[in-house]
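To start, the structure under review is shown below, and the notes come after it.
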Amino acid sequence: MMRTGLRKSSARIAHGTVLIVFTVLLAFPFYWMLIATFKQNLDLYTVENNPFILNAKPTLDHLRLLFNETRYVRWLGNTALVGVIVVSITLLLAIPAAYALTRLTGRWGQRLGIGIFLTYLVPPTLLFIPLSRVVALLGLQDTIWSVVLVYPSFTIPFSIWLLMAFFKSIPRELEDAAMVDGLTRFGAFVKMVIPISTSGILTVVIFTFTLVTQEFVYALTFISPESQQMVGVGIPIFLVRGDVYFWSSLMAACLIASLPIAFLYNLFLDRFIAGFTVGAIK
Amino acid sequence: MAVVETRHLTKIFKQGELGAVNNVNLKTREGEFLVFLGPSGSGKTTLLRMIAGLEVPTAGEILIGGQVVNHLAPRERRIAMVFQSYALYPHLSVYKNIAFPLKAQKVKKELHKEKVEWAASLLGISALLQRKPRELSGGERQRVALARAIVREPSVFLLDEPLSNLDAKLRLSAREELERFHRRIGTTTIYVTHDQVEAMAMGDRIVVLNNGVVHHFGTPKEVYDEPADTFVATFLGSPPMNLIENDNVIVGFRPEHFRLSETLDEAKVNFKFRVENVEYLGAEYILSGSLLGGRFEGKEVIARLLLGHTYEAGATYDFAVPERHLKFFDRSTEKRVEARALTWQ
Amino acid sequence: MAIAGPKIRSIGAAQSPLLGAAMFSPAVLYLVLVIGAPFALAVFYAFSDARIGSTGLHFVGLENFRSILQSPSFRMALKNSVVFTVCAQIIVVVCSGALSIALEKPFRGRGLVRFLILLPWVAPVSLGSIGWKWILDSIYSVITWVLIWLHIYKPYSAPMWLGEPHLAMASVILVHCWRLIPFSTVVMLAGRTAIPKEIPEAAAIDGAGFWRTLFQINLPMMLPIINVAVLFGTIFTFTDMTVVYILTAGGPFDSTQTLPSLAFATGIQGSDLAAGAAISLFLVPVLVLIAYLMLRMAHRAEVV
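Protein chains in written order, with our numbering: chain A, 6 to 287; chain B, 626 to 970; chain C, 66 to 369.
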């Protein structure tokens, strides 16, 4: 009895230790951003001070600098605009495609679906060189339209994949019933399948939006003017003046841009993971 | 109201494979309750779905009300269908579910309320109109599905195993309700089931299907008493018909016709029956065992007997079958043939 | 993954290939134009002498590949890419395995812990990397401060985390791990919850202890899901340039250069499109291999 009791409590300690250590390690950079945001410069740059706490009164100077003297707000706006447009394009192309591949085209539709999913694996770092020329040829260089053109190339494949799984879970009889009740094949899709699929579509919206905000390579390659930047590139590239880093403003910018995205993403994460796990889980 | 007819109707899903439905010819009568009965995979649902327009036939014609409808979409066939899962639209209230066919068929908006209320009152669900499908019991769901089906007054009703998702007790009352409903509406109805009791109880006529082929098309009495072949003979009836081979024919007799020899005073065939297992079912006995002696030694048969005598496992009895209850089937084609004289010893 | 039950093998009228083609072709066409065509262009560039700003373009055969293979920075980048990917995957699998076990049973505050643990994955990677750049700063690094406080180093003699080749590599690997562990953890968590509860319970009744259950029951059953995590993780690290670009930009002395970052430095910053395209084509064999492995897995799931 003693031994199992001892075992149990040591298991619990191990369990707790693993959790605490990992949580601290993984979340630490964000704590670090938070505390840097409000630190006075003197405090921040005094090596002798304990860096984990505020050694002087918190200050809002860095936030003021960020919002008033940089293009941060503009970048946020650009990102949001690109996000909305890319989400619309993705929905417009991915929803019908996913539906067609699950319901209208039989077995080879499934195969094509897997093929499309594989294009999600094609990384930006493979295509950014030729795409930079394509973007230049189309006259889209240095505008947000360059990334609007290219981002759907990774949002559409994964969205199709997620939606296919979602459509598969809708009972076929519902569509049959709708057709017997007076809708066309396409009408059953628009008036029956889409309204039932709102939660799946919402997942795609959030997913696409977060992917857009996370992208770095294309935005870095296609866009150089400061005013046209996306937030993910603007912060690390343009908040660095010469070699001087405005660390506090930089950290504030990271934190403010990260948290809402992280929060949204987190809400829908289980669905994305279900998409990643392909067929490994039955 | 209309008559449904199929001519040489065939459906082949995969080239080179046996058809799911093969050359089916049948014709309903006006206002008839027709049942498609068969085991799973027999093609009965495919047949129904072709009539509905949800599957495209590989060959053959479908006629509704005398018109070929092959080229018409489901919505243009003036049919209503009730699905196995009822297929109630989960995001719509009961009212909107029932109104859905009206909306989809572009019936004038002013008429919706009146028609929905008519259908709802017919099925006694007027109080449920504001609920969502997930808040309904199984029986209520069936009624909503039926209301949705009748609301636009279709010429044909198609029902695909609508009772199979209900528990046994509910199934009985839902069945009675369906029968009442059909009597009141009088619309031609095609009903798909794998349950022979449902088929016998509800059908004006029954189409017995297996492997996509019609084995028998007749009234419940015909199908049960005069089965067209051994498949029909064994598929209907519980326990199924006993079959024994004799010369170049197969002879069948129903368990309820296999009785103590002394109780039968008519032309009969006698057997020695060794009882191996006795099941007491309250109103009757089911005896299973084997025949003894002669050329049928060891052949397993079942008898179904009313109470009144006691039987013991392990004992041997003198049993017999009245000659008029013997059914004869050709040994190679398994089709029904004329009764003939045989030697039984 | 098989969908249709035994009753209706195919979908018949519910299936209408023409409408289907009309509905999926816009997406497929778009993907062909924005993924297929640029890929072909990349291959074309790799065999030419294309440069930004020059109009003439000649076919040069394998010239680009020859000069790339001879360049020491390419060899370094190739080696680094492999080292980064392999090290990161090993660390990630071990850590996320442990973490997924710890997260499996419900406990109070699990939602919050999960959110915190997931932050590195769900926050934009470029911004997370900036956070690390500050943590690993040459003067104000918090790690240095702790080491000095523990008297392991004397002030002003502490290591420059991003300034010395081996430390810089370790730092880049660390940040990759930091970013991937959350992803791997949730994937594995999904895999673990798919293991029927009865099996570990049966093992417990049969007298298996924690380690035996782990190694003989849980790990073998989790293998498919670990594969998924590793395959995606490999792609995410092998093709990534964001972390490297922000932390070190490949330095010091190319010691952290990877294939993608070298392609960027050569093709975009150095205007040599041809060489850049040729370098990035070296990602393709790995991608093909992973795609093949995933297809096999998907196929197996379809057959089962």
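For every residue, glycine included, the Cβ atom is placed at its ideal position computed from N, Cα and C.
{"Query": "Partner residues on chain B for A:Gly187, Cβ-Cβ distance less than 7 Å", "Result": "Arg700, Pro726, Ala729, Gln730"}
{"Query": "Nearest candidate by alpha-carbon position, reference B:Arg632, set B:Phe658, B:Leu643, B:Leu672, B:Gln640", "Result": "B:Leu672"}
{"Query": "DSSP three-state assignment for B:Val732, whether helix, strand or coil", "Result": "coil"}
{"Query": "Bridge partner(s) assigned by DSSP for C:Pro171", "Result": "According to DSSP, C:Pro171 bridges with nothing at all."}
{"Query": "Beta-carbon proximity check, C:Val237 vs C:Leu312, cutoff 8 Å", "Result": "yes"}
{"Query": "C:His241, buried or exposed, once every other Cβ within 10 Å from all chains shown has been counted against 16", "Result": "buried"}
{"Query": "Nonlocal neighbours in the same chain, by C-beta distance under 7 Å from A:Ser137, ignoring five residues either side", "Result": "Thr226, Phe227"}
{"Query": "Exposure of C:Trp210, with buried meaning 16 or more beta-carbon neighbours within 10 Å", "Result": "buried"}
{"Query": "Chain-ordered neighbours of C:Val190 on chain A, where CB pairs are closer than 7 Å", "Result": "Gln219, Phe221"}
{"Query": "Coarse secondary structure for A:Ile286, derived from DSSP in three states", "Result": "Confidence is the limiting factor: at A:Ile286 the pLDDT is only 45, short of 50, which leaves the residue's position unreliable and the question unanswerable from this model."}
{"Query": "C-beta neighbour in chain E for C:Ala330, strict 8 Å", "Result": "The question asks about chain E, but that chain is absent: this structure's protein chains are A, B and C."}
{"Query": "Short Cβ contact (8 Å threshold) for C:Leu327 with C:Ile300", "Result": "no"}
{"Query": "Candidates B:Glu948, B:Val781, B:Phe658, B:Val962: closest to B:Met805 by CA position", "Result": "According to the sequence as given, residue 805 of chain B is Arg; it is not Met. The shortest Cα separation from B:Arg805 among B:Glu948, B:Val781, B:Phe658, B:Val962 belongs to B:Phe658."}
{"Query": "Assumed close pair B:Gly663, B:Val833 - CB separation to whole angstroms, cut-off 8 Å", "Result": "6 Å"}
{"Query": "Through-space distance from B:Val719 to B:Arg777, alpha-carbon basis", "Result": "16 Å"}
{"Query": "Per-residue burial, B:Gly678 [other beta carbons within 10 Å of its own, 16 or more giving buried]", "Result": "buried"}
{"Query": "Contacting residues, own chain, Cβ-Cβ under 6 Å from B:Glu701 (five flanking each side not counted)", "Result": "none"}
{"Query": "Residues of its chain near B:Phe708, where Cβ-Cβ distance is below 6 Å and the 5 sequence neighbours each way are ignored", "Result": "Asp785"}
{"Query": "Alpha-carbon spacing of C:Ser75 relative to A:Ala102, whole angstroms", "Result": "Residue confidence for C:Ser75 is low, a pLDDT of 35 falling below 50, so the modelled location carries little weight; the figure read from the coordinates is stated next. Those two C-alpha atoms are separated by around 19 Å."}
{"Query": "Burial state of C:Ile68 (16 or more Cβ within 10 Å)", "Result": "Any reading at C:Ile68 must be qualified, since the residue scores a pLDDT of 33, below 50, and its modelled position is unreliable; no value is offered."}
{"Query": "Any chain C beta carbon closer than 8 Å to A:Ala99", "Result": "yes"}
{"Query": "Other residues of its chain near A:Phe154: CB distance less than 8 Å, five sequence neighbours each side excluded", "Result": "The identity of residue 154 of chain A in the sequence shown is Leu, whereas the question assumes Phe. These residues qualify, in order along the chain: Val140, Leu143, Leu145."}
{"Query": "DSSP three-state assignment for C:Ala342, whether helix, strand or coil", "Result": "helix"}
{"Query": "At least 3 beta-carbon pairs within less than 8 Å: the segment 157–167 of chain A vs the segment 183–190 of chain A", "Result": "no"}
{"Query": "Whole-Å CB distance - C:Val187 paired with A:Ile266, under 8 Å assumed", "Result": "7 Å"}
{"Query": "Classification of C:Tyr145 by the beta-carbon crowding that lies within 10 angstroms, buried from 16 upward", "Result": "The residue asked about is misnamed: residue 145 of chain C is Asn in this sequence, not Tyr. Buried, since its Cβ has 16 or more Cβ neighbours within 10 Å."}
{"Query": "Nearest candidate by alpha-carbon position, reference C:Phe124, set C:Ala340, C:Ala363, C:Leu348", "Result": "C:Ala340"}
{"Query": "Own chain residues within Cβ distance below 7 Å of B:Leu795, not counting five before or after", "Result": "Gly763, Gly764"}
{"Query": "7 Å CB neighbourhood of A:Pro63 in its chain, flanking five on each side removed", "Result": "Phe43"}
{"Query": "C:Val252 burial status per 10 Å Cβ neighbour count (16 or more: buried)", "Result": "buried"}
{"Query": "Where B:Phe878 falls: helix, strand or coil (DSSP)", "Result": "strand"}
{"Query": "Cβ pair B:Glu959, B:Ile875 closer than 8 Å", "Result": "yes"}
{"Query": "Residues sharing a beta bridge with A:Tyr250, DSSP", "Result": "A:Val245"}
{"Query": "Identity of the residue in C:Asp271, C:Thr278, C:Arg257 nearest A:Ala279 by Cα", "Result": "C:Arg257"}
{"Query": "Start and end residues, beta strand (DSSP E) containing C:Pro53", "Result": "Chain C is shown only over 66 to 369; residue 53 of chain C falls outside these bounds and no answer can be derived."}
{"Query": "Length at least 4, wholly inside the segment 663–700 of chain B: the alpha helix (DSSP H) runs in chain order", "Result": "669–677"}
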